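Trainee:
Numbering (my numbering), first residue to last: 129 to 275.
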């Protein structure tokens, strides 16, 4: 029996793929749980329409991410923090602080997309990677200066 998978299923196939499975597996497991739908003409047309819509969404998101990458690469962010005489901060600069500073520059970045290994605890320049998409990253220059 041919079915269209709605999500990735290990050892069967990936989402939106047409696969051939045994009728009992489809009837008793895949279809009742909503993991697949029968590969009828109507569902195949729907599949093609969804693939086209997904491709358009992906292209739009990639174009937006590339534009944001160029803006982020050209920017440097300055964050002021109180510090001691030796350049150690009385606290730290976290990814949330960086996200707020970027928002002040007009760029909304989710703090979970800022890949800061450890909080910044010293004055100076740091290059922090920001994940825009699964395969697109950009380094942002962060200046931490004494308040």
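Glycine included, every Cβ here is placed at the ideal spot set by N, Cα and C. Note that the coordinates shown come from a computational prediction; the quantities given were computed from them, not determined experimentally.
Taking C-alpha atoms, which residue in 133, 217, 201 lies nearest to residue 178?
Mentor: The residue labelled residue 178 in the question sits at position 50 within the chain shown. It is 133.
Trainee: Could you tell me which of 272, 182, 181, 213 sits nearest to residue 226, measuring between CA atoms?
Mentor: In the chain shown, counting from the first residue as 1, residue 226 sits at position 98. If we check each option's Cα against that of residue 226, 272 comes out closest.
Trainee: So residue 274 packs on residue 258, CB below 8 Å; how close in whole Å?
Mentor: For the purposes of this step, residue 274 is identified with residue 146 of the chain shown, where counting begins at 1. For the purposes of this step, residue 258 is identified with residue 130 of the chain shown, where counting begins at 1. About 25 Å separates the two Cβ atoms, so there is no contact after all.
Trainee: Can you name the residues that DSSP bridges to residue 189?
Mentor: As a position in the chain shown, residue 189 is number 61, starting the count at 1. Residue pairing by DSSP places residue 189 opposite no residue, since no beta bridge is assigned to it.
Trainee: If we ignore side chains and look at the alpha-carbon of each, how far apart do residue 182 and residue 269 end up?
Mentor: To locate residue 182, count along the chain shown from 1; it is residue 54. To locate residue 269, count along the chain shown from 1; it is residue 141. When rounded, the distance between both Cα atoms is 33 Å.
Trainee: Per DSSP, residue 216 forms a beta bridge with which residues?
Mentor: Against the chain shown, residue 216 aligns to sequence position 88. Paired residue(s): 250.
Trainee: May I ask you to report which of helix, strand or coil DSSP gives residue 274?
Mentor: Indexing the chain shown from 1 puts residue 274 at position 146. If DSSP states are grouped into helix, strand and coil, residue 274 belongs with the strands.
Trainee: In terms of alpha-carbon separation, which member of 264, 208, 218 lies closest to residue 253?
Mentor: The residue you call residue 253 lines up with position 125 of the chain shown. Of the residues 264, 208, 218, the one whose Cα lies closest to the Cα of residue 253 is 208.
Trainee: In terms of residue numbering, what span does the beta strand (DSSP E) encompassing residue 133 cover?
Mentor: The residue you call residue 133 lines up with position 5 of the chain shown. Residues 130–133.
Trainee: Using a Cβ-Cβ cutoff of less than 6 Å, which residues in the same chain neighbour residue 215 once the five nearest sequence positions on both sides are dropped?
Mentor: To locate residue 215, count along the chain shown from 1; it is residue 87. The answer, listed in chain order, is 250, 251.
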